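Engineer: Chains as they are written, first to last, in this note's numbering: chain A, 1 to 153; chain B, 1001 to 1124. Positions of the beta carbon are idealized from the N, C-alpha and C atoms, including for glycine. Since this is a predicted model, take the numbers as computed values, not measurements. Below you will find the structure I want to go over with you.
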């Protein structure tokens, strides 16, 4: 069973709120932020159970913003996922203005499984928020031919 | 081994060079060693992790830890030195190697008289 077989993601409202709060807090400081969702797969349904805000470094460069999670933290997360019997399913981060996947996003994803790779290329909803300039917007929709629904409940 | 593991698990989002192998305590394992060299117990668990995850609208100048870049530079230089006699026969003369650059003079020894020097700086 792989993530590519998932047809629906079920996301608790609490996790959505936590995610938005994290992205807003980073945005208020002029930074981008990474948030990760993990959970368990049951056939075509994936239940999101845990929100992760990994230790990360945000950079404000003359050419723009970026955020990086280093290997030590990714190892800690990997061990946690193994012990909790959860798998990483969704990677979320913020952009300062337009919501899109940059070349950096596509080149260095934390979630590197096939479904994530396909998604970063064209079709996966990433809940990318435009948080630094009003109005604040969060995309909650999938686009593209292989879209998969996300339920917020 | 890493490439095979990534292929079997469908992890195609980053190339094999961007992954690292650690034990459960987080110690990095050298990929240059044979598995037998580690003397792992039968129930050992190893973790294959990304070296980094990055997002944003720009690509920073340096993604790799400078210590890692330095280690790779030294390793490549050592491998070059091991084959230096062959390179010299081909007309490659390594005149300076100071991290992060290597200066190589490319000659054409097969010409009579020998001529045509080109100097190349190869940043690592």
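(1) Distance cutoff 8 Å, beta carbons only. Does residue 116 of chain A sit that close to anything in chain B?
(2) Can you tell me the Cα-Cα spacing of residue 1040 of chain B and residue 87 of chain A, whole angstroms?
(3) Just to confirm the assignment, what range does the beta strand (DSSP E) spanning residue 1094 of chain B have?
(4) Under 8 Å, Cβ to Cβ, is there at least one residue of chain B near residue 112 of chain A?
(5) Out of A:16, A:30, A:3 and A:12, state which residue places its alpha-carbon closest to the alpha-carbon of residue 1010 of chain B.
(6) If you follow the beta strand (DSSP E) that residue 1103 of chain B is part of, which residue opens it and which one closes it?
(7) Taking a cut of 7 Å between CB atoms, which residues from the region 1023-1038 of chain B lie near chain A?
(8) Under the assumption that residue 35 of chain A contacts residue 23 of chain A (Cβ atoms under 8 Å), give the Cβ distance between them as a whole number of angstroms.
(9) Compile a chain-ordered list of the residues in the region 1038-1050 of chain B whose CB is closer than 7 Å to at least one CB of chain A.
(10) Taking the C-alpha atoms as reference points, what is the distance between residue 80 of chain A and residue 1015 of chain B?
(11) By Cβ distance, which residues of its chain are closer than 8 Å to residue 1035 of chain B, with the 5 residues on each side in sequence left out?
(12) Name, please, each residue of chain B whose Cβ falls closer than 9 Å to the Cβ of residue 109 of chain A.
(13) Report yes or no: is there a C-beta of chain A within less than 8 Å of the C-beta of residue 1020 of chain B?
(14) Could you check the C-alpha separation between residue 15 of chain A and residue 49 of chain A for me, to the nearest Å?
(15) Out of B:1047, B:1037, B:1055 and B:1090, state which residue places its alpha-carbon closest to the alpha-carbon of residue 1104 of chain B.
(16) Three or more beta-carbon pairs under 8 Å between the region 1041-1052 of chain B and the region 1019-1031 of chain B, yes or no?
(17) I need the straight-line Cα distance from residue 212 of chain A to residue 1053 of chain B, nearest angstrom please.
(18) For residue 1098 of chain B, which of B:1037, B:1083 and B:1077 has the nearest alpha-carbon?
(19) Taking only the alpha-carbon atoms, compute the straight-line gap between residue 1060 of chain B and residue 1075 of chain B and give it to the nearest angstrom.
Structural biologist: Let's see:
(1) Summary for residue 116 of chain A: the model assigns pLDDT 43, below 50, so the residue's position carries little reliability, and this model does not support an answer.
(2) 26 Å
(3) 1092-1098
(4) yes
(5) A:3
(6) 1101-1108
(7) 1024 and 1026
(8) 7 Å
(9) 1047, 1049 and 1050
(10) 23 Å
(11) 1001
(12) 1013, 1014, 1050, 1053, 1054 and 1055
(13) yes
(14) 8 Å
(15) B:1090
(16) yes
(17) The requested residue 212 of chain A does not occur in the structure, where chain A is confined to residues 1 to 153.
(18) B:1077
(19) With a pLDDT of only 49 at residue 1060 of chain B, under 50, the local geometry of the prediction cannot be trusted, and the value read off the model is given with reservation. Answer to the nearest angstrom: the Cα atoms are 25 Å apart.
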